[in-house]
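The listed protein sequences derive, respectively, from chains Z and L.
Here my numbering is used: the first residue of the first sequence is 234, the next is one more, and so on.
Here my numbering is used: the first residue of the second sequence is 504, the next is one more, and so on.
Beta carbons: idealized from backbone N, C-alpha and C, even for Gly.
All remarks here apply to the structure that follows.
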Amino acid sequence: MNTFRSAIQKLTLYPSAIAGLFAIFLLVAVAIYTMITIPYSEAIHLWRGGEEVWYQNPRFAAPAWINYLSTKKYSESFSVNTTDGSMIKTVTPGSDGVTTYDISYEFDYQYDYFPQEMLLYMNSNFKTKQPFVSIELVTPDNRTIRIGNFTFSDNFTYRFSQDEKLLAKLRAPEVIPALFTMPDSEKPLKGKYRLLVTGTTFEPDSDISVEFVSHGQVFGLAGTDHARRDLMLPLLWGTPVALAFGLIASMGTATLTMVISAVGAWYSGWLDELIQRITEVNLVLPFYAILIMIGTFYSRSIWVILGAAILLSIFTNSIKGYRAVFLQVKESMYIEAARAYGANNSRIIFLYLIPRMIPLLIPSLVQSIPAFVFLEASLAVIGLGDPVLPTWGKIIQDANSNGALYKGYYYWVLEPATLLMITGLAFAVLGFALDRVFNPRLRDA
Amino acid sequence: MSVIAQAPLEKATIRKAARFGSFARFMRYVVTRLATLFVTVVIGIYLTIMIANMGGYVDQIIRGEIRDRITNLIALNQAYQQMDPDTRRALIQEKIALEEKRQGLDTPIAIRNFRYLSNALQLNLGRAINMTSDSGSKQVRLIILERLPATLLLMGISQLFLFFSSVFIALSLSRHYGNFWDKLVIALSPSSSVPPWFYGIFLILIFASAFKVLPFGGMVDSPPPSNTFDYSMSLLKHLALPCASLILSSFFLSVYNYRTFFLVYSSEDYVDMAKAKGLPSRDVERTYILRPTLPSIITNFSLLIISLWTGALFTETIFLWPGLGRTLFQAIGLYDIPIIVGSTIIYAYMLAITVFLLDFVYALVDPRVKIGQ
């Protein structure tokens, strides 16, 4: 145990290793936080959800913090409704079951780019007489723009930009820019806007609920993709998936390689010969092609791919390297002593041979993690990602297939790429330092 | 007299016998080595064929496609419009059976796998199922040959540059290790944990999307320029980003590995001895450091040559580079088993031949190694 303590002490001499460890702790914390706050089933539901889940979000919206970096401000998305009180609703009962509703929402508009779209979702319960609403927008310079009057049935959606009547009234090429500018001006008018919805119902038990959604140019901490999904979800959920994939694959590969090479070296004879031959056959097999075939033909589940990747990674050159060391260790005195007191084979292999290799194993294990993390991403990028799980690779693939780089949605690629990069480099840097601590021959060189 | 006369004769026979003995040993070694390598290749290819066939799953897909295509073809053909439904159905069945026979689907899968195997081993790559070469041929050999130059160009430039630059830079770093550049290479070597396509995305983002100086992907402009100079300029422009990402992703680790390797060898006693003798540092480097490291460098170089033939699957796919790697990816997507098997065979054979030849090369460059012992 002392060697480990001294190894950790030596590790603190490498600032890069400290940084790597810090990043790994951070990632693990994010992974745990994600799994607690967004349970697996909910994450899948959200990730696979369509318009009904994500209708409040704009498409292709950059993260909101880019406003801090840019002098021209992008309009932020918001959604308010009468049910949770974020829109003020006053009810005035009248005679004969007629009720008037005054619903208003005031928002501060300080942006240089107009929202993509504004929508009103209206709901009402009635038996025969349809309710009636009129919508108005009060601009900062106190003009009142009449948006329109409707009678509506249940589940009514009003899209500002699609209203031809309004467009004709505004005498402008597009509705939304016209709402947010002074007449005969190009520049957006900044200030407090007020949306007024005046509704009337004609039955005693009727009620109106309104939801006002503005699809801005920017959204949240991470932005959205082509399906209006908040990228925060796959970014968060990609963390446990990437860590699990990388750790399970590298640990599985490392321990199995070690055990198999130890068994081969210990028993020698035909078993050893067989392991050698399997290794040679495996070197002939095209690693990526086989994984892609499994992904295309069998199953795109991340766990099937994980298993296949482990199986293909066991019998590689490292098994030969371990075997060479084991053959040396096998001849050492303490093994002979163990044999002399009658230790059985499995005891010698698992208690005497393998522990000797752990210093050699740990650095290579840590160093192989990035390869597996990126393997998942690589397969996802060429379209063989897990169809259910939200992962970083899937984000890059979505971005790539929607021409994100071509159209300039850089955030879409950069966010998952940065996380992948941090994960990969953190483990690589740590593994590198571990290698120098455990194998000091390299350190002086 | 007899004693004097006999002595050289005896010596000669002994020498001859020894030479014959070593030749026999050499031949025995060559034969067993070739046999094991061949068996390895056979098993490797058979496994690939088995995975590529997926126990008949691919057959179902192909059968379905044949059924669809032929039914459509007959339904759309004016000449068959007047036919009564039963005759037409019979005709469709017949055509489907014919097409299945043409693609060899009427034989059981185990037999078909062996047929694939024996054809494959004879480098008789057969015909692709869905893919065609740009010249319209379905011959797997032609499809692979057509994509080969693109892969060789991309991989050749990047891998050879990578190899020579890292060996030379590593040599100079090992000469004065511990200086700023050496530390920089050590610090940057973890960057190689990131695969080339990933750097590719960043490079596309910077050079193609933001600055718009280099193309997003592909191999030449469309339409291809007619004169040779413009054509090669356009080719170079398209080569820049994929090459850069391939080089970038392994450069620092490669330099670091060679540098450590040279350092280990230059700390040997005989190198100190040579320095103490006052030999010029160039001679020390060449005869005392490079010479013993030659086998490993040759191994690396030959593995590099093999990698030229396989192409870079993900990088080619990201950059839409029409090489072998991307062809393999497309073939898998189209369930085109002959192409998958074809490219595996070439790789397997190349690997086996290289491994076989390496033994002899080792014996040539390292006098301590003797073949067959």
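With a threshold of 8 Å between beta carbons, Z:Leu429 makes no contact with chain L.
With the criterion set as a beta carbon lying under 9 Å from some beta carbon of chain L, the segment 372-403 of chain Z has no members that meet it. Listed in chain order, the non-local C-beta contacts of L:Ala851 below 7 Å within the same chain comprise Val544, Gly547, Ile548, local neighbours out to five positions each way being set aside. Within chain L, Ile835, Gly836, Tyr838 have C-beta atoms less than 8 Å from the C-beta of Z:Thr529, given in sequence order. About 10 Å separates the Cβ atoms of L:Glu602 and L:Asp609, ruling out a contact at the 8 Å cut-off. The beta-carbon separation of Z:Ile581 and Z:Ile568, rounded to 6 Å, stays under the 8 Å limit for a contact.
In the displayed model, Z:Thr333 falls within a strand according to three-state DSSP.
Beta-bridge partners assigned by DSSP to Z:Ala295: Z:Val451. Across the structure, Z:Pro373 and Z:Ser447 are spaced so that their CA atoms are roughly 18 Å apart.
The three-state secondary structure of Z:Met320, taken from DSSP, is coil. Proximity of chain L to Z:Ile615 at the Cβ level (cut-off 7 Å) is accounted for by Phe817, Thr820, Phe832, in chain order. Inclusion of Z:Asp440 and Z:Asn375 in the CB contact set at 8 Å is not warranted, their separation being larger than that value.
Under the Cβ criterion (8 Å, minimum of three pairs), the segment 252-267 of chain Z does not count as touching the segment 281-289 of chain Z.
Of all residues in the segment 543-574 of chain L, the ones placed with a Cβ closer than 8 Å to any Cβ belonging to chain Z are Thr543, Val544, Ile546, Gly547, Ile548, Leu550, Thr551, Ile554, Ala555, Met557, Tyr560, Val561, in chain order. Residue pairing by DSSP leaves Z:Val263 without any beta bridge partner. Following the DSSP letters along the chain, one finds Z:Met654 inside the alpha helix (DSSP H) bounded by residues 643-671. With respect to the C-alpha of L:Ile595, the residue from L:Leu576, L:Phe765, L:Pro783 having the closest C-alpha is L:Leu576. A direct Cα-Cα distance of roughly 5 Å separates L:Thr818 from L:Trp700.
Counting only Cβ-Cβ distances below 7 Å, Z:Ile441 has no contacts in chain L at all, with the closest Cβ about 47 Å away. Inclusion of Z:Thr390 and Z:Leu352 in the CB contact set at 8 Å is warranted, their separation being smaller than that value. In this model, Z:Val408 and Z:Ser394 are separated by some 5 Å (Cα to Cα).
Z:Asp335 counts as exposed, since fewer than 16 other C-beta atoms from the protein chains shown sit within 10 angstroms of its C-beta.
Only Thr763, Leu766 from the segment 743-766 of chain L bring a Cβ to less than 7 Å from some Cβ of chain Z. The Cβ of Z:Ser611 sits closer than 8 Å to at least one Cβ of chain L. For L:Glu597, the enclosing alpha helix (DSSP H) covers residues 588-605. When C-beta distances to chain Z are compared with 9 Å, the residues of the segment 687-717 of chain L below that value are Ile689, Ala690, Ser692, Pro693, Ser694, Ser695, Ser696, Val697, Pro698, Trp700, Phe701, Ile704, Phe705, Ile707, Leu708, Ala711, Ser712, Ala713, in chain order.
Bridge pairing for Z:Lys425: Z:Asp341 [DSSP]. Interface annotation, Z:Val646: in contact with chain L, CB-CB separation under 8 Å. If you draw a straight line from the Cα of L:Leu708 to the Cα of L:Leu657, it is about 20 Å long. Cβ neighbours of Z:Gly641 within its own chain (closer than 8 Å, five residues either side excluded): none.
The beta carbon of Z:Gly641 sits closer than 8 Å to some beta carbon of chain L. The beta carbon of L:Arg591 lies closer than 7 Å to those of Ile577, Tyr583 in the same chain, with the five residues before and after it left out.
Cβ-Cβ separation between Z:Ile378 and Z:Val430: approximately 13 Å, too far for a contact (criterion under 8 Å). In this structure, Z:Asp341 is the residue among Z:Lys398, Z:Ala460, Z:Asp341 with its C-alpha nearest to the C-alpha of Z:Leu422.
Against chain Z, the CB of L:Leu827 has no partner CB under 8 Å away; the residue lies outside that interface. In this structure, Z:Ala295 places its C-beta atom within 8 Å of the C-beta atom of Z:Tyr644.
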